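Reviewing the structure listed below.
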Amino acid sequence: GYGHAAPSTDGGKVFCMVYALLGIPLTLVMFQSLGERINTFVKYLLHRIKKCLGMRRAEVSMANMVTIGFFSCISTLCIGAAAFSYYEHWSFFHAYYYCFITLTTIGFGDYVALQKDEALQNKPQYVAFSFVYILTGLTVIGAFLNLVVLRFMTMNAEDEKRDAEHRALLTRNGQASTIHTTDTTSATPAAAVGGGGGGGFRNVYAEVLHFQSMCSCLWYKSRE
Numbered sequence: 001g002y003g004h005a006a007p008s009t010d011g012g013k014v015f016c017m018v019y020a021l022l023g024i025p026l027t028l029v030m031f032q033s034l035g036e037r038i039n040t041f042v043k044y045l046l047h048r049i050k051k052c053l054g055m056r057r058a059e060v061s062m063a064n065m066v067t068i069g070f071f072s073c074i075s076t077l078c079i080g081a082a083a084f085s086y087y088e089h090w091s092f093f094h095a096y097y098y099c100f101i102t103l104t105t106i107g108f109g110d111y112v113a114l115q116k117d118e119a120l121q122n123k124p125q126y127v128a129f130s131f132v133y134i135l136t137g138l139t140v141i142g143a144f145l146n147l148v149v150l151r152f153m154t155m156n157a158e159d160e161k162r163d164a165e166h167r168a169l170l171t172r173n174g175q176a177s178t179i180h181t182t183d184t185t186s187a188t189p190a191a192a193v194g195g196g197g198g199g200g201f202r203n204v205y206a207e208v209l210h211f212q213s214m215c216s217c218l219w220y221k222s223r224e
């Protein structure tokens, strides 16, 4: 609400709260559903256009849909700004600001249409345009926000999939290195016995040197 009209009685305030609790979720669901259907139709239409133009890749990507949704929002705001600038005698910037505040449901109330010259009674065409424009604009904005949310969800899912693949790769590499170490350890005694040729003699020689170093250490300790 813009704040220019509000319930004054206690019964009206109670009715407003109950009506808002029921109406706001239903309205959000309605605009979400309409936005999804609009996106589906636009995706089908863009796919047909790409096929008619003979493009090699006729698939419609998420980036295509977000781009179309963005320019649709800009166009909707510009059309509304031009109309309200004409009817309300606002500047184009102020009319654009009013459309943005209205369609994003911020509703400061610093600019409110249909308040001059008893427009609600004397300008039925303007009233009908405002009603249709606000509903259509909310649907377009809802469709675009639906695309943006889906885009972020897709990016998050891709990141999670990439992290899962990376963890699985690290796990496989760790298991492979463990198996390789186990195989090497089990093969060392056989090589020391003589199954490894020259490697076996080298292992025996290393053990002899280790034994000599231990004897030397013990001898030095006994001297001390």
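Just so we're aligned, residue 1 is where the sequence shown starts under UniProt numbering, counting upward by one.
For glycine and all other residues, C-beta sits at the position ideal for the given N, C-alpha and C.
On a predicted model such as this, the values are computed, not experimentally measured, just so you know.
Problem set entry | Beta-carbon separation (whole angstroms), F108 vs I101, contact threshold 8 Å | Correct: roughly 6 Å between the Cβ atoms.
For this session: For M153, count neighbouring Cβ atoms within 10 angstroms of its own Cβ and tell me buried if that reaches 16, exposed if not.
Result: M153 is exposed by the Cβ-count criterion.
Exercise. Short check: CB of T76 to CB of V140, under 8 Å?
Worked result: yes
Problem set entry | 8 Å contact criterion, which A119 and V127 should meet: CB distance rounded | 7 Å
For this session: Specify the secondary structure class of residue 225 as computed by DSSP and reduced to three states.
Result: In the structure displayed, the chain extends from 1 to 224; residue 225 sits before or after that span and is not available.
Problem set entry | When V18, A6, L135, L169 are compared against Q32, the one with the closest alpha-carbon | L135
Exercise. Are V42 and I68 closer than 8 Å when you measure CB to CB?
Worked result: yes
Exercise. Along the chain, where does the alpha helix (DSSP H) that runs through A82 open and close?
Worked result: Segment 62–88, the alpha helix (DSSP H) holding A82.
Exercise. Under a Cβ-count criterion, where at least 16 other Cβ atoms within 10 Å of its own Cβ denotes burial, should Y96 be classed as buried or exposed?
Worked result: Counting Cβ neighbours within 10 Å, Y96 comes out buried, since at least 16 surround it.
Problem set entry | Distance between R48 and L28 (C-alpha atoms, nearest Å) | 30 Å
Problem set entry | Neighbourhood of M17 by C-beta, 6 Å cutoff - its chain only, sequence neighbours within 5 removed | Its chain contains no residue whose beta carbon lies nearer than 6 Å to that of M17 once the 5 sequence neighbours on both sides are disregarded.
For this session: Could you check how far apart the C-beta atoms of L46 and G142 are, in whole angstroms? I think they sit under 8 Å.
Result: Between G142 and L46 the Cβ distance is about 19 Å, and since that is not below 8 Å, they are no contact.
Problem set entry | Nearest-angstrom Cα separation, counted from N173 out to E36 | Rounded to whole angstroms, E36 to N173 spans 44 Å at the Cα level.
Exercise. From this set, K123, W90, F144, V66, which residue's C-alpha is nearest T104's C-alpha?
Worked result: If you compare the alpha carbons of K123, W90, F144, V66 with that of T104, the shortest gap goes to F144.
For this session: Name the two residues that bound the continuous alpha helix (DSSP H) containing I24.
Result: 10–52
For this session: Return the CA-CA distance between H89 and Y111, expressed in angstroms with no decimal places.
Result: 12 Å
Exercise. Straight-line CA distance for residue 242 to I38?
Worked result: Given that the chain is displayed from residue 1 to residue 224, the structure contains no residue 242 and the question cannot be resolved.
Exercise. Does the distance from the C-beta atom of A113 to that of S85 stay below 8 Å?
Worked result: In this structure, S85 does not lie closer than 8 Å to A113 by Cβ.
For this session: Using three-state DSSP, classify T102 as helix, strand or coil.
Result: The three-state reading of DSSP puts T102 in helix, counting H, G and I together.
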